[in-house]
Structures are given as structure tokens and as C-alpha cells.
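Residues 47 to 113 (my numbering) make up the sequence shown, in order.
C-beta: ideal position from N, C-alpha, C; glycine also.
It should be emphasised that the depicted structure is a prediction, and the values quoted were computed from it without experimental measurement.
Taking it in order: structure first as C-alpha cells, then the write-up.
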Amino acid sequence: MHEVKYTDYKLSPNSFQAWLRDKFEDPSIVVECKNGYFVFNLQDGVELTEEHELEIYRKLRGYKRWP
Numbered sequence: 047m048h049e050v051k052y053t054d055y056k057l058s059p060n061s062f063q064a065w066l067r068d069k070f071e072d073p074s075i076v077v078e079c080k081n082g083y084f085v086f087n088l089q090d091g092v093e094l095t096e097e098h099e100l101e102i103y104r105k106l107r108g109y110k111r112w113p
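Structure (C-alpha cells):
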């Protein structure tokens with residue numbers, strides 16, 4: 047497993063954790079808030095892709111268009 051940091055701007059930690067668990071089919075993912083970032087562990091070989099970024103932007107942050 048490896049640690050990942052992701053900005054917490056306009057995101058609920060509970061919503062983000064639920065999305066990560068569902069997206070990566072891993073109920074063990076736990077999101078912690080640290081200095082303006084969400085910190086969590088993903089299985090080795092699993093990364094957040096640009097496609098994931100777009101989904102987070104639209105679904106979780108509520109934006110209609112990618113900037």
C-alpha cells in the first residue's frame with residue numbers, strides 16, 4: 047500500500063471516502079484530514095487517474111465543466 051494526498055477543497059471527507067471505497071472496491075480505505083489534504087492509502091499499483099480527477103470534479107465537487 048502507498049500513501050496518497052489529495053486536496054480537500056470543496057470535498058466532504060465522508061463523501062470522498064465513500065467514493066474511494068466504491069471506486070476501488072476496497073472497504074478498508076480510510077481518509078484522514080491533514081493540512082488541507084485528504085491522506086489515505088491505496089493498494090499497490092492503484093493510482094488516481096485524470097479520469098478519476100474529472101469524476102471527482104463533477105460528481106463530488108458539483109461542477110458542470112472541467113476548467
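CA-to-CA distance, residue j to residue i, given in whole angstroms
| i | j | result |
| --- | --- | --- |
| phenylalanine 86 | glycine 108 | 22 Å |
| phenylalanine 70 | leucine 94 | 10 Å |
| glutamine 89 | leucine 57 | 22 Å |
Where residue i falls: helix, strand or coil (DSSP)
| i | result |
| --- | --- |
| leucine 57 | coil |
| phenylalanine 62 | helix |
| glutamate 99 | helix |
| leucine 88 | strand |
Classification of residue i by the beta-carbon crowding that lies within 10 angstroms, buried from 16 upward
| i | result |
| --- | --- |
| valine 77 | buried |
| leucine 100 | exposed |
Residues that DSSP places opposite residue i in a beta bridge
| i | result |
| --- | --- |
| lysine 80 | Tyr83 |
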